[in-house]
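Each residue of the sequence shown is one higher than the one before, starting from 136 at the first, in the numbering used here. C-beta atoms are modelled at their ideal positions from N, C-alpha and C, and glycine is treated no differently. Comments concern the structure below.
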Amino acid sequence: MKITKLEPLVLGTPWRDLTYLRVHTDDGIVGVGETRMLGHTEALLGYFNEAARNHVIGADPFNIEALVWRMKRGDYGRAGEVVMSGIACVEMACWDIIGKALGQPVWRLLGGNVRDGIKAYANGWYTVERTTEEFHQAARAVVDRGYRALKFDPFGPGRWELEPAESRRSVELVSAVRDAVGPDVEILVEMHGRFTPAEATRIAKELEPFDPSWIEEPVPPENQEALAKVSRNTTLPVATGERIHDRIEFRELFAHQSADIIQPDIGHFGGITETRKVAATAETHYVLLAPHNVGGPVLTAANLHLAAVTENFKIQEHFNDFADSHVKRAAPGVPEVEDGYFALPTGPGLGVELDVDFVREYPARSARFDLYAEDWQFRGTKGASAS
């Protein structure tokens, strides 16, 4: 079997463009991968054109390791977010092809499941004004939908440090969410790399009474020593990793013991196999895996297959029940969250099929997402009807 064609398609929403890649083979099997780029979708499409002729066309989709190595190392230049995202789409699609060819779900081909259900947490649910009343009501809706964990960023457009009044407001929002969901639902506090180590540590102390299961990316992601400083000075677990694109870059994080949970994004990290490799390294350091996922149904499905086979997996992020829920129709087949868990996918390959006609109904919108803008939490829906 040989790869004959790469076919990218982009589905647009008010705040994210979802890039799908259909990988065609000479025996008619088509696999699909997905990533979500922020502000670099056109660059990714350009990369697909070059990678197709340089590395992918003519390759055997069963030889994933060799293909990924060529794409990552064969251009000599260091692979960053765009290249690793392109590799991820091809790699996912190859697993989809293999599973379809063998009539098996990918998780069986990766060694079989170590769990029967995959715990999920909701994101994208707080597209409301930053008041305690609205956050309380929105959080209750997440629990009513069946989730037992939810994540949110209460800090508005905060940057480096917060003014006293804004700090109190942010902490009050966390308090409102805890009150809404009760003591048995996990709350996960996102900091989006906003703060200095001192400010992140101070805020973490204020959040301790509300027992968040982690604080995420408390400082910008480039400086592992700064992250380690926060970790040493808080009792709360620290999570990070969505903006790390190569498993080698996690070496310093493990050496400094600067995080308790890592969050690589399969769609930016070279795919399922690369993410599984860093998860195995994390396990040797007693660090948990909670993959970042702002993707649609194909990327979500890929995450579920990885979670099924990963011993040190903790929980899976999911946006699509609350933000742009229509995108689930782009590739039916992902199990719904019930009682806080996804069931394992059962179909061959990734277990989903891309609806090309549906994707074409929602063309790219050059979406831009600015976490330092006022009202960013509305994700493009304020003043307009959500899709």
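Proximity to residue i [Cα-Cα], best of the options
i: residue 477; options: 252, 484, 188; result: 252
i: residue 396; options: 154, 350, 334; result: 350
i: residue 394; options: 510, 201, 375; result: 375
i: residue 168; options: 232, 325, 283; result: 232
i: residue 155; options: 373, 282, 222; result: 222
i: residue 402; options: 139, 150, 149, 176; result: 176
i: residue 225; options: 382, 182, 513, 266; result: 182
i: residue 406; options: 214, 227, 209, 163; result: 227
i: residue 511; options: 278, 264, 302; result: 264
i: residue 464; options: 492, 387, 363, 412; result: 492
i: residue 287; options: 300, 248, 249, 327; result: 327
i: residue 384; options: 366, 404, 373, 370; result: 404
i: residue 505; options: 243, 213, 293; result: 293
i: residue 138; options: 356, 191, 201, 318; result: 191
i: residue 234; options: 329, 482, 502; result: 482
i: residue 179; options: 509, 238, 213, 217; result: 217
i: residue 462; options: 494, 301, 438, 359; result: 494
i: residue 302; options: 334, 318, 317; result: 334
i: residue 438; options: 459, 414, 460; result: 414
Cut-off 6 Å between Cβ atoms - residues of its own chain near residue i, not counting five sequence neighbours on either side
i: residue 423; result: 396, 447, 449
i: residue 312; result: 270, 274, 322
i: residue 289; result: 305, 308, 309
i: residue 497; result: 146, 147
i: residue 377; result: 398, 400, 427
i: residue 165; result: 157, 159
Cβ neighbour criterion (16 or more within 10 Å) applied to residue i
i: residue 486; result: buried
i: residue 390; result: exposed
i: residue 199; result: buried
i: residue 197; result: exposed
i: residue 295; result: exposed
i: residue 184; result: exposed
i: residue 520; result: Any answer about residue 520 is weak, because its pLDDT of 46 lies below 50 and its placement is not dependable; what the coordinates show is given next. Exposed, since its Cβ has fewer than 16 Cβ neighbours within 10 Å.
i: residue 162; result: exposed
i: residue 367; result: exposed
i: residue 352; result: buried
Sequence-distant residues of the same chain with beta carbon closer than 8 Å to residue i, five excluded per side
i: residue 436; result: 466, 468, 469, 480, 485, 486, 487
i: residue 171; result: 151, 152, 153, 154, 402, 429, 430, 431, 434
i: residue 255; result: 282, 284, 450, 451, 452, 453, 472, 475, 476, 477
i: residue 237; result: 244, 483
i: residue 420; result: 389, 392
Cut-off 7 Å between Cβ atoms - residues of its own chain near residue i, not counting five sequence neighbours on either side
i: residue 516; result: 149, 262
i: residue 523; result: Past the edges of the chain, shown from 136 to 522, lies residue 523, and the structure says nothing about it.
i: residue 186; result: 206, 221
i: residue 332; result: 354, 361, 364, 365
i: residue 503; result: 174
i: residue 509; result: 292
Identity of the residues DSSP links to residue i by a beta bridge
i: residue 254; result: 476
i: residue 375; result: 397
i: residue 92; result: With the chain represented from 136 up to 522, any question about residue 92 goes unanswered, as that position is not in the structure.
i: residue 155; result: 144, 169
i: residue 235; result: According to DSSP, which records beta bridges pairwise, residue 235 is partnered with nothing at all.
i: residue 424; result: 397, 448
i: residue 330; result: 295
9 Å Cβ cutoff met for residue i and residue j
i: residue 324; j: residue 342; result: yes
i: residue 315; j: residue 278; result: yes
i: residue 320; j: residue 285; result: yes
i: residue 380; j: residue 245; result: no
i: residue 336; j: residue 364; result: yes
i: residue 144; j: residue 159; result: no
i: residue 189; j: residue 209; result: yes
i: residue 250; j: residue 425; result: no
i: residue 373; j: residue 411; result: no
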